[in-house]
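Below is one structure, written out as C-alpha cells; the observations come after it.
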Amino acid sequence: MYVIYYQEISHTMFKVPINVDIPEVPPTIQNPYKDKQRIQENQPSGICYLYARVLSRYWHVICFLVFLVVNVVSAISFILYELPDISDPSKGFETRGTTVTSRYRGLSNLMLHSDDLLTNIPQTTNNDSTLPPWHERTKRSDSSERNSAGIQFCHTVWDWNDFVATMVFETETGGNILTSEAVKSVCAASDRLVTTHPLYSDNCVCLGNYIYRACPNTWSIGEHIALLNNKTSCTDVVDEDIANTVDLLVQCAPFVYNRTRPELLSQRTGSIPTDCSQHNFAVHTILSYLLPLEFSEYILEHNTSTSSTITAVFFPILGNNTDILETIYLQSISQQSISDGVTSLKAVEFFIKIHLFNEILLVDSLYLGIGMTVIFILIWMYTGSFLVTIAAILNMVFSLILGYFFFTVVFVRPFFPVGNIILASILIVGVGADDTFVFIDLWTKCKLEFGADDLPRAIHETLRHAAATMLVTSVTTTSALFATVISEITAIKCFAIYSGISIMMNFVLTLTLLPAVVVMQHKITLCCCSKSTSDSERRNSLCSTLLRPFKVLYEDSIPWLVLKLRFMWIILFVSLMAGSAIVIFYRPGLQLPTQSDFQFFTSSHFFEQFDFVYKKRFLYTQQQDSNLVGCLVWGVQAVDNGDPWNPDDVGSLVLDETFTFSSPEEQSWLLHLCSEIRNQSFFESEMQMTCFIDDFVDLMQLGCVNALTGEDANPCCNQTTFPYDTSVFETCIRLFSVKGYFPNLYFNKEFSKLQAIQVIFPTVFPSSFNYATNDELWRTINDWVEGSLHSAPGSLKGGWFISSLPHIPVVLFYDLQQSLVSGTGLSMLLTLTLASIILLLTIQNGLLTIMAMVTITGAVSVTVASLVLLGWELNVLEATIITLAVGLSVDFTIHYGVAYKVAPGMDRKSRTRYSLKSMTAAITMAALSTFIAGALVLPATVLSYYQFGVFLMLVVSISWCHGTLFFQSLCMCVGPEDICCDVPCLIPCCECLRLVNKPTKGIAPDHDELCYSNNMYEIKVYETNENPFISTKHKDNEVLYSTSDE
3 MYVIYYQEIS HTMFKVPINV DIPEVPPTIQ NPYKDKQRIQ ENQPSGICYL YARVLSRYWH
63 VICFLVFLVV NVVSAISFIL YELPDISDPS KGFETRGTTV TSRYRGLSNL MLHSDDLLTN
123 IPQTTNNDST LPPWHERTKR SDSSERNSAG IQFCHTVWDW NDFVATMVFE TETGGNILTS
183 EAVKSVCAAS DRLVTTHPLY SDNCVCLGNY IYRACPNTWS IGEHIALLNN KTSCTDVVDE
243 DIANTVDLLV QCAPFVYNRT RPELLSQRTG SIPTDCSQHN FAVHTILSYL LPLEFSEYIL
303 EHNTSTSSTI TAVFFPILGN NTDILETIYL QSISQQSISD GVTSLKAVEF FIKIHLFNEI
363 LLVDSLYLGI GMTVIFILIW MYTGSFLVTI AAILNMVFSL ILGYFFFTVV FVRPFFPVGN
423 IILASILIVG VGADDTFVFI DLWTKCKLEF GADDLPRAIH ETLRHAAATM LVTSVTTTSA
483 LFATVISEIT AIKCFAIYSG ISIMMNFVLT LTLLPAVVVM QHKITLCCCS KSTSDSERRN
543 SLCSTLLRPF KVLYEDSIPW LVLKLRFMWI ILFVSLMAGS AIVIFYRPGL QLPTQSDFQF
603 FTSSHFFEQF DFVYKKRFLY TQQQDSNLVG CLVWGVQAVD NGDPWNPDDV GSLVLDETFT
663 FSSPEEQSWL LHLCSEIRNQ SFFESEMQMT CFIDDFVDLM QLGCVNALTG EDANPCCNQT
723 TFPYDTSVFE TCIRLFSVKG YFPNLYFNKE FSKLQAIQVI FPTVFPSSFN YATNDELWRT
783 INDWVEGSLH SAPGSLKGGW FISSLPHIPV VLFYDLQQSL VSGTGLSMLL TLTLASIILL
843 LTIQNGLLTI MAMVTITGAV SVTVASLVLL GWELNVLEAT IITLAVGLSV DFTIHYGVAY
903 KVAPGMDRKS RTRYSLKSMT AAITMAALST FIAGALVLPA TVLSYYQFGV FLMLVVSISW
963 CHGTLFFQSL CMCVGPEDIC CDVPCLIPCC ECLRLVNKPT KGIAPDHDEL CYSNNMYEIK
1023 VYETNENPFI STKHKDNEVL YSTSDE
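Heads up: the sequence shown begins at 3 in the numbering used here, then just goes up one per residue.
Right, here's the structure in full:
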C-alpha cells in the first residue's frame, strides 16, 4: 500500500508506504490490461471549447468588442434619451390597476379632467370664496394680536393652516420645559438657528405691517407667556409669569380643548371666559400648538397642571418658500450646535424633505464609493492582480449601464425610480464580487491542473465550471426579481426589471470581459516575469506563509466543525426556522405601516423625527383628522387606463355609454337607496348627506310662481306625485342644474344629457391610516353597496363606491397596504417555486434540490424574522428588500450544491469534504465583501441606503451560515451517493455545462495508462516496468492514492 505525492515543479512521483482506503474503482476499469493499445487523450470539442480557444488567442478582440458595445449603448441611452427625473423619490410608490385605484382614477378624471366632455351647467365660481382665510386680515390691524410692549403675531397659526416652518425642542435632562431657564433657551435657539439668518427677515409673512419690527414674533411658548403677562419679550419672562400662565391654562382647558377656531369664534360672546379668549385665544394656541397633547389631557383628568418636556415653535415663514428654508437649514441649523445644555432641537418641519433628498442622496453616495474601494482592495488581495480587479469593478459598472439600456431603450419603460439607482447599485456590487471570487478560484485550480501550455483547456474548464454555478445563481436571483413584476406597485415592478437585467448582464460580462482580462494578465505575467522566477517564488512563498492560517481555517477547521457537529447544526437551524415562523406569522408578526408619510431619511433625522415621532404628540394634528366621506358614482367606468409603468400617466375619463337616469323606476330606486344609507350603521347621522334626488323632490313640490320675479316654473313645481314622468324629470333636472342646485350632476356637453351622478354621504369611520380600520370600512361599506346594486334597475347596476377626493389618500394607502400583504407573499412563493425548478434542472438531483430548498427557505425565514425583530414594517421599500431575500439567499447554497454534485468521490462524506474545501474560501470572501459593502453604507442619512445595508449584512451572514453549516450537515447525513436521486438531463445546456459525471479516456505521457475522469477527479491505472498499480488523483494535485499488484 502506498501514497504517492506529486511534486509540481519536478513533475516526479515517489512512493511512501501508508495504510489508506482506496476508493472503489469503477467496474469498467477493473481489468484494464486486456487492451494494451495506447489511447490518445481526447481533447474537448464543441462551441464551448471553440469559445475558449478564441478567448485564449483573441482576448484583445473580446475586450475591444465589450468596450465598444458599452460605449455605444451608453451614448444611445444618455444622449438620445432623457435622463431619469429623480426630483420626487416617492413617485411610483402607489398601486396601479387595482379595484381601488381604478375607482380613484375614474372619480379623479370625472372631477378634474372632464371639462372637454361634461359640464355641471352652469359652472359657477366665487372669487371671494377662493381667497385664503388670511387674505383680508392682513389688510387690517387687529389690536387683539399685539400689546403695547411689542409682542406682535401675524394672526394665529391656525390662520395659516399650519403651513409654516416648525421646530420642536426638548429639555436635555428630561425635566420640565416650563421654567424660565428652558423657555429662554428655546427663544435663544430660535433666534440663533433661524430668525437671525439674513433670508428670514426678507421672507417672513406680514412683512412691514408692524412698527416695532420687520417680521412678527414667532409663535412660541415664551412669546405667548410674555404676551399674557405684558412683558416685552420672552427674554423678560420669569418663573412667576410661567406659573400665572399655567394657572390660566388649567382654568381655560375645559373651554378650549379640542375646539377648532371656527367653533371658538362662534362662541366668543358665549360661555367662554374673557381671560380664555384674550389675545385672539392665545390659550388655545398654547394648548393646541405649542404644548403636547398629554399636557392638556392631564389637566382635564386631574384639574391641575403637569410638566412638559417638549414644546413647538412656529416661524412666520410659509412652507412654499422651499429655497429659502433649504438655505436656512443648510447654512444655519445643520452647521450650528443644536443644544445649549438646557434644551436641544429634536425635530424640524420645513417642507423641504423631498427638495433636499437629491442633495443628501449625492452626499451619501460617498459611502457607496468607500464600500466599492474596500471591495476593490479585497478583490485585489484575493486575485493578486490589479488588472483583474479593475475588470471586476468595470463588470459591475457596465452591468448597470447595460441594464439601463435594456430598461429604457429596448423595453421602453418610461419611468426610472430612484430605488433603481440605489438598490440595484448595492445589489450588483454584492453579486459581482461573488461571481468574481468564484471565477478566480476556479481559474486558479484549472491553471494548476492543465498548466500554462494548455491555455485553451484551462480556460474551457474554468468557463465550464464557472458558467454552471454562476448561471444557476444569476438565473435564480433574476427569477426572484422578475417574480415581483406581478406586483401592482410601479416602483417595485421597475426595480425588478432593471435589477434582473443588470444581474444577467453581469453574468454575461463575467464570461466575456473578465476571462479576457484574466488571459491578458496571464500572458503579461509569462512575458514580463519569466526572468524573475526566483523573486516570484519568494513572493509566493511569503504569501503562502501569510495565508496559511486562512487555508487551515477553510480546509481543516470549517470541515471539521461541519462533519463532527453536524447533528447539532441540524437541530439548531431547524429550531431557528421554527422560531422564525412564530416571529413572522404570530408574534410580534410582520406589521403593516400605520402612517402614509413616506420616510426618506433614517429615523434620527430631524425631518423624520417630526413626521413619525413628534407631530402626533400635538393636538392640532389630531384635529385635522375627520371622519371619512363616502361617494357613490354612476355613469363613469372605474378604469385605470393609464400606463401602469408611468406614475405620471393618469389615464383619461371613460364614460359608461349605457348609463341613463330618467325613468320613474330609476328615480324610485335611487330615493330608496339614499333612505337606506341613512339607516345603516356606517352612516354619520349628525352630518348631512348629499343626494340630489332628495333635493329634487323638495324643489318639485314648491309653488310655481316666484313671489319676487313672477317667473313661472311650470312644470317643475307643485308636483306632489313621485316618481315623475321621464320627460318631466329630464326637463326639470336640466332647469335646476342651470340654477346651480346640483353640483354633483354631470351633463354631456354635446347632448345636454345627464351622464354622471354622485351621491356623497358621511361615515362614522375616522380618517385614519390604520389598516384594520380601513379594512373594516372598505369591507362594510363596499360589500353593502355592491349588494344593494344587485337590485338596481338597468344601468344603475354599474355604480361603485369610493371615498371622496379629500379623503382619497386614506383609501389609496389602504390599497397599498393590501397590495403589499398579498403581493409580497405571492412573490416570495413564486420565487421559491422558480428557484426549485432551476435548481432541479441544473443540479439534476432531486434529493439535493430538496435539501437546497429547505436551506434557502430557512435562510429567508431567519432573515425576515430578524428584520421583524428590528422593527421593520412592510412598506414599499421593505417589501422589495424582503422579496429580494430569496434571490440573495440561494447563491451560497447553490455553489455548495454544484460542488457536491461534481465532487470526485461517490460517498457523501468525501463529497461534502470536497464541497467545503473547494468552495468555502471563495464563498467566504464573497460574503465578506458583501457584508462590508452593507456595513459601510450604515452611516448614510438616506433610509434606503441604510436599510439595504442592514439587509445585506443580515442576508449574507445568515446565508453563509445556512449554506456552510446547515446545508453541508444535511449533505453529510442524508446527501445522495453515487447516482442516487439523479434526474435525466432536461435542457440542452447540461451537456455544455457537464454537471453529469462523464468519464473521459486519456493517457499519461510516461506510462501505459488508462485514465477515467470526471470534472475534478481522476482514476488512473498504470502499467510500469515494476508492478502495476491504480492511482486515485484529486485534481488539485495534492495526493495520489495507489495500490501495487503484488
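Ideal Cβ positions, reconstructed from N, Cα and C, are used throughout, including at glycine. This structure is a prediction, so every number in the text was calculated from the model and none was measured.
DSSP places Q757 in the uninterrupted beta strand (DSSP E) bounded by L756 to P768.
Counting along the chain, the unbroken beta strand (DSSP E) around V350 starts and ends at T345 to E351. Here the stretch 352-363 does not lie against the stretch 247-257, with fewer than 3 beta-carbon pairs under 8 Å apart. Bridge partners of A167 according to DSSP: F317.
In the structure shown, V420 falls within a helical segment according to DSSP collapsed to helix, strand and coil. Counting C-beta pairs closer than 8 Å gives fewer than three between the stretch 357-371 and the stretch 387-401, which falls short of the contact rule. Between L483 and L886, the C-beta spacing is below 8 Å. In the displayed model, G889 falls within a helix according to three-state DSSP.
If only complete runs of 4 or more residues are kept, the stretch 428-491 shows the alpha helix (DSSP H) at 457-485, in order along the chain. When only Cα atoms are considered, C217 and H199 end up about 12 Å apart. Secondary structure at Q721: coil, using DSSP grouped into helix, strand and coil.
Check the Cα spacing between V510 and each of F575, F587, L555 and T438: the tightest is with T438. Two segments are said to touch when three or more pairs of C-beta atoms, one from each, lie closer than 8 Å; by this definition the stretch 438-451 touches the stretch 508-524. Taking a contact to require three or more Cβ pairs closer than 8 Å, the stretch 108-117 and the stretch 641-660 qualify as touching.
As computed with DSSP, I804 is found in a beta bridge with C633. Taking a 10 Å sphere around the C-beta of S677, we find fewer than 16 other C-beta atoms and assign the residue as exposed. In the DSSP assignment, Y53 falls within the unbroken alpha helix (DSSP H) covering I49 to R59.
Counting only the Cα atoms, L292 lies some 13 Å from T247.
If you check the CB distance, G899 and L850 come in under 8 Å. Here DSSP, grouped into helix, strand and coil, assigns D249 to helix.
The residues V159, F316, F317, P318, I319, L320 and G321, in chain order, have a CB closer than 7 Å to that of V166 in the same chain once the five nearest residues on each side in sequence are set aside. In the three-state reduction of the DSSP assignment, Q333 falls in the helix class, which pools H, G and I. Between V433 and I505 a beta carbon distance of about 6 Å is seen, short of the 8 Å cut, so the two are scored as contacting.
Residue nearest to F575 within the set F969, L465 and D325 is F969 (criterion: CA-CA distance). In this structure, DSSP gives T121 an extended state, which the three-state scheme calls strand. In this structure, the alpha-carbon of P275 lies about 11 Å from that of V285.
Membership of F933 in the alpha helix (DSSP H) is indicated by the continuous run R910 to A937. Boundaries of the alpha helix (DSSP H) around N360: K355 to T385.
Counting along the chain, the unbroken alpha helix (DSSP H) around L701 starts and ends at F694 to M702. Close CB contacts of F953 within its chain, under the 6 Å cut and outside five residues either way in sequence, are with I883 (chain order). Within the model, the alpha-carbon separation for L594 versus R915 is close to 44 Å.
Checking the DSSP bridge columns, you'll see I312 partnered with E172.
Counting of Cβ neighbours within 10 angstroms places E225 among the buried residues, the total reaching 16 or more.
Taking each of A923, G591 and V390 in turn and checking the Cα distance to V521, the smallest one comes out for V390. Taking C-alpha positions only, A867 is separated from G581 by approximately 8 Å. Contact between the stretch 943-963 and the stretch 615-626 is absent, with fewer than three C-beta pairs closer than 8 Å.
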